[in-house]
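These notes concern the structure reproduced below.
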Amino acid sequence: MSTTVSSKVQSDVAERFRSVRQRTMELCKRLTPEDMMVQSCPEASPAKWHVAHTAWFFESFILNVFQPGYRLFNEDFPWLFNSYYRSFAEFPEKKLRASFSRPGLDEVLRYRCYVDEHLERLLEENPEPEVLSRVELGANHEEQHQELLLTDVMHAFYTNPLRPIYLEDADRDQAGVAEPLRFVEFAGGLKEVGFGGGGFCYDNELPRHRVWLGPYALANRLVTNREYGEFIADGGYRRSELWLSSGWDAIEQNRWKAPLYWNENESGWRIFTLRGERRVEELKDAPVSQVSYFEADAYARWAGKRLPTELEWEVAAEGRAVGGNLMDSGRLRPERAEARGEQVTQLWGDCWEWTASAYLGYPGFEPLTGSLGEYNGKFMSGQMVLRGGSCATPRAHIRASYRNFFPPETRWQFSGIRLADK
Ligand SMILES: [Fe+2]
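Each residue of the sequence shown is one higher than the one before, counting from 1063 in the working numbering.
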């Protein structure tokens, strides 16, 4: 052992590694090998690719660096399953991932076991601090892919004319009425934002720094399907004055008339979910989901409000215990907020919340060194920040300073709307 690490820390990291790896395979249990090959849009990836790529991350950035004499499972895998790390290796075009019928699923699963066995051995033999911190990074990376795996499967099943159901669970439908929309006041002032605790965070959450916020107010809950339906019925998608210029272009190019998984037939709107398709009336009090930043922004303008900035959101969330409808609830669909008196609800889970903030580095931002520096920093252009996690985000993965980001036209994630005022 090159540097002393307590056996408690070592065993905690090993346990975290095991539980994350196991959960990925549990998510795949409901999928057939054929399901795992589908890539139904260029943004998505086949489940089989997620399974291979998450093993690739541990092999490429840990085993191949820290395990003396480590032999690659397959000489082609370092470039084949590279996603976007240009300084590491070449990589195939993303939209071609559905053509990877070889290696077969059996071989990908053997690759996974091979990496797991070697990683466990490395944690036994050489648990130096850099190894442990990279295993934690690899676990967080895999958790991001678990959410992507679910949203990619959802898109794949939506694209399938049979509209398969991922989670057969008819008893879990939620009744009740959403709380009336209220706005909760925040005083603002000089605040600290960015990650400030112990434990893991991504480089893009640092450094912690001070900001000045004016007084603001946040909606007590997310915008519901019923409220979003009123926007549609009021001609929301036909009124150019409500839309950013690029948003209007997106409407015209894509012919958007509703959120991604809404379909209209003779009996009205229906919404596709991982638990099957439902009439909008059945989900009217659940948060609207699978909307782009452009739609969130247009809705806010129509409602006479605005979207919160990411820092307003973070100040409201800091110190609030993480809980709610995250992946761990097993519900896998945004649901009606539980009443919490005067408090802001649904900060965690249900839907990622689009913010009015462009994704940029904080003052003094320093990416990780080497190829891992490509993880977050190089995407700081043309994307918007989302906060709070979704019903597909693992609970261990989210925190107040966590910054998710996607291009403003993105719709296949669990992305919703919280209004702000003032
Ligand atoms: Fe990745």
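Even for Gly, the Cβ is constructed at its ideal location relative to N, Cα and C. The structure displayed is predicted, hence computed values, not measured ones.
Next item on the list: Look up Val1113 in the DSSP assignment and give the residues it is bridged to.
Entry: Stepping through the sequence shown from its first residue, residue 1113 is reached at position 51. Bridge partners of Val1113: none, in fact.
Next item on the list: List the whole-angstrom C-beta distance separating Val1197 from Val1071, where the pair is believed to meet the contact cut-off of C-beta under 8 Å.
Entry: Looking up residue 1197 in the sequence shown gives position 135. Looking up residue 1071 in the sequence shown gives position 9. No, Val1197 and Val1071 are not in contact; Cβ-Cβ is about 11 Å, not under 8 Å.
Check: Taking only runs of the alpha helix (DSSP H) that begin and end inside the region 1130-1168, which ones reach a length of at least 4 residues, in chain order?
Finding: 1139-1142
Check: Is Ser1354 closer than 8 Å to Gly1411 when the C-beta atoms are compared?
Finding: For the purposes of this step, residue 1411 is taken as residue 349 along the sequence shown, with counting starting at 1. For the purposes of this step, residue 1354 is taken as residue 292 along the sequence shown, with counting starting at 1. Not closer than 8 Å, so no.
Note to self: Comparing C-alpha positions only, which one of Ser1122, Val1082, Val1170 and Ser1068 sits nearest to Pro1108?
What the structure shows: To locate residue 1108, count along the sequence shown from 1; it is residue 46. Nearest of Ser1122, Val1082, Val1170 and Ser1068 to Pro1108, Cα basis: Val1170.
Next item on the list: Could you tell me which of Leu1369, Gly1432 and Cys1413 sits nearest to Ala1420, measuring between CA atoms?
Entry: Here residue 1420 refers to the residue found at position 358 of the sequence shown. Out of Leu1369, Gly1432 and Cys1413, Leu1369 has the C-alpha closest to the C-alpha of Ala1420.
Next item on the list: Kindly indicate which residue of Tyr1132, Lys1156, Leu1093 and Glu1267 has the alpha-carbon position closest to the one of His1115.
Entry: If you number the sequence shown from 1, residue 1115 lands on position 53. Nearest C-alpha to His1115: Lys1156.
Next item on the list: Just confirm the distance between the C-beta atoms of Tyr1464 and Glu1267, as a whole number of angstroms; I'd bet it's less than 8 Å.
Entry: Sequence index remark: in the sequence shown, residue 1464 carries index 402 (1-based). Sequence index remark: in the sequence shown, residue 1267 carries index 205 (1-based). Contact holds; Cβ gap of about 7 Å.
Next item on the list: Starting from Met1446, trace the beta strand (DSSP E) both ways and give me its first and last residue.
Entry: Taking the sequence shown and counting its residues from 1, the one referred to as residue 1446 is at position 384. Element bounds for Met1446: Met1446 to Arg1449.
Check: For the region 1199-1218 against the region 1100-1107, are there 3 or more C-beta pairs whose distance is under 8 Å?
Finding: yes
Margin query: By the three-class DSSP mapping on this structure, what secondary structure does Phe1262 have?
Written below: Looking up residue 1262 in the sequence shown gives position 200. Of the three classes helix, strand and coil, the one that applies to Phe1262 here is coil, per DSSP.
Next item on the list: With hydrogens ignored, establish whether the beta-carbon of Phe1119 is closer than 7 Å to any heavy atom of ligand 1.
Entry: Position 57 of the sequence shown, counted from the start, is the residue given in the question as residue 1119. Phe1119 Cβ: within cutoff of ligand 1.
Next item on the list: Return yes when the Cβ of Phe1293 is within less than 8 Å of the Cβ of Pro1470, no when it is not.
Entry: Here the question's residue 1470 lines up with position 408 in the sequence shown. Here the question's residue 1293 lines up with position 231 in the sequence shown. Cβ distance not < 8 Å, so Pro1470 and Phe1293 don't count as in contact.
Item checked: Close-in-space but distant-in-sequence residues of the same chain around Lys1346 (CB under 6 Å, 5 per side omitted) -> By one-based count along the sequence shown, residue 1346 stands at place 284. Answer for Lys1346: Asn1287 and Arg1288, listed in chain order.
Check: In chain order, which continuous runs of the alpha helix (DSSP H) of length 4 or greater are located wholly inside the region 1270-1312?
Finding: 1287-1295
Next item on the list: Would you be able to state if there are at least three C-beta pairs under 8 Å between the region 1336-1351 and the region 1393-1402?
Entry: yes
Check: Do Ser1145 and ligand 1 come close, with the Cβ less than 7 Å from some heavy atom?
Finding: Here residue 1145 refers to the residue found at position 83 of the sequence shown. Ser1145 Cβ: within cutoff of ligand 1.
Margin query: So, with DSSP's three-state summary, where would you put Val1067?
Written below: Residue numbering aside, residue 1067 sits at position 5 when the sequence shown is read from its first letter. Three-state result, Val1067: coil.
Next item on the list: Consider the C-beta atom of His1115 and the heavy atoms of ligand 1; say whether any pair is separated by less than 7 Å.
Entry: Within the sequence shown, residue 1115 is the residue found at index 53, counting from 1. Yes; taking the cut-off as 7 Å, the Cβ of His1115 has a heavy atom of ligand 1 nearer than that.
Margin query: Measuring only the C-alpha atoms, how far is His1112 from Pro1456?
Written below: What you label residue 1112 is simply residue 50 of the sequence shown in a count that begins at 1. What you label residue 1456 is simply residue 394 of the sequence shown in a count that begins at 1. The alpha-carbon atoms of His1112 and Pro1456 are separated by roughly 16 Å.
Checklist line | Other residues of its chain near Lys1367: CB distance less than 7 Å, five sequence neighbours each side excluded | finding: Start at 1 with the first residue of the sequence shown, and residue 1367 comes out as number 305. Result list for Lys1367: Leu1481, Ala1482 and Asp1483, in chain order.
Check: For ligand 1, any of its heavy atoms closer than 7 Å to the Cβ of His1203?
Finding: As a working mapping, residue 1203 is identified with position 141 in the sequence shown. Yes - ligand 1 has a heavy atom lying nearer than 7 Å to the Cβ of His1203.
Margin query: Taking the straight line between their C-alpha atoms, what separation do you get for Glu1137 and Glu1372?
Written below: One-based indexing of the sequence shown puts residue 1137 at position 75. One-based indexing of the sequence shown puts residue 1372 at position 310. C-alpha separation (whole angstroms): 43 Å.
Checklist line | Reduced DSSP category for Ile1460 - H, G, I as helix; E, B as strand; rest coil | finding: Position 398 of the sequence shown, counted from the first residue, corresponds to residue 1460. Reduced to three states, the DSSP call for Ile1460 is coil.
Next item on the list: Determine the burial state of Val1239: buried for a count of at least 16 other Cβ atoms within 10 Å of its Cβ, exposed for fewer.
Entry: As a working mapping, residue 1239 is identified with position 177 in the sequence shown. Classification of Val1239: exposed, given that the 10 Å Cβ count is below 16.
Checklist line | DSSP three-state assignment for Lys1440, whether helix, strand or coil | finding: Residue 1440 sits at position 378 when you count from the first residue of the sequence shown. Looking at Lys1440 - three-state DSSP - the assignment turns out to be helix.
Notebook entry, point to check: Between Gly1381 and Gly1259, what straight-line distance do the alpha-carbon atoms span, to the nearest angstrom?
Noted result: Here residue 1381 refers to the residue found at position 319 when the sequence shown is read from its first residue. Here residue 1259 refers to the residue found at position 197 when the sequence shown is read from its first residue. Between Gly1381 and Gly1259, the C-alpha separation is close to 11 Å.
Notebook entry, point to check: What's the C-alpha gap between Phe1158 and Arg1174?
Noted result: Position 96 of the sequence shown, counting from 1, holds the residue named residue 1158. Position 112 of the sequence shown, counting from 1, holds the residue named residue 1174. Residue identity differs from the one stated: residue 1158 is Leu in this sequence, not Phe. Taking the straight line from one Cα to the other gives about 22 Å.
Note to self: What I want to know is whether the C-beta of His1207 ends up closer than 7 Å to one or more non-hydrogen atoms of ligand 1.
What the structure shows: Taking the first residue of the sequence shown as position 1, residue 1207 is located at position 145. Flag set: Cβ of His1207 near ligand 1.
Check: Assuming Ile1124 and Val1082 make a contact with CB atoms under 8 Å, what is their CB distance in whole Å?
Finding: Stepping through the sequence shown from its first residue, residue 1124 is reached at position 62. Stepping through the sequence shown from its first residue, residue 1082 is reached at position 20. Contact doesn't hold; Cβ gap of about 14 Å is too wide.
Next item on the list: In the DSSP assignment, find the beta strand (DSSP E) that holds Leu1093 and state where it starts and stops.
Entry: Locating residue 1093 in the sequence shown gives position 31, counting from the first residue. Segment: none, Leu1093 is in no beta strand (DSSP E) and carries neither H nor E.
Checklist line | Among Val1177, Leu1448 and Val1246, nearest to Asp1359 - alpha-carbon criterion | finding: Taking the first residue of the sequence shown as 1, we reach residue 1359 at position 297. Of Val1177, Leu1448 and Val1246, the residue nearest in Cα terms is Leu1448.
Checklist line | First through last residue of the alpha helix (DSSP H) which encompasses Trp1375 | finding: Here residue 1375 is taken as the residue at index 313 of the sequence shown, counted from 1. Residues Glu1372 to Ala1379.
Check: DSSP puts Gly1251 in a beta bridge; with which residues?
Finding: Position 189 of the sequence shown, counted from the start, is the residue given in the question as residue 1251. Looking at the DSSP assignment, Gly1251 forms a beta bridge with Leu1275.
Checklist line | With 16 other Cβ atoms within 10 Å as the buried cut-off, status of Ala1295 | finding: Working through the sequence shown from its first residue, we reach residue 1295 at position 233. Under this definition Ala1295 is an exposed residue.
Item checked: Residues bridged to Pro1191 [DSSP beta-bridge criterion] -> To locate residue 1191, count along the sequence shown from 1; it is residue 129. BP columns for Pro1191 are empty, so no partner.
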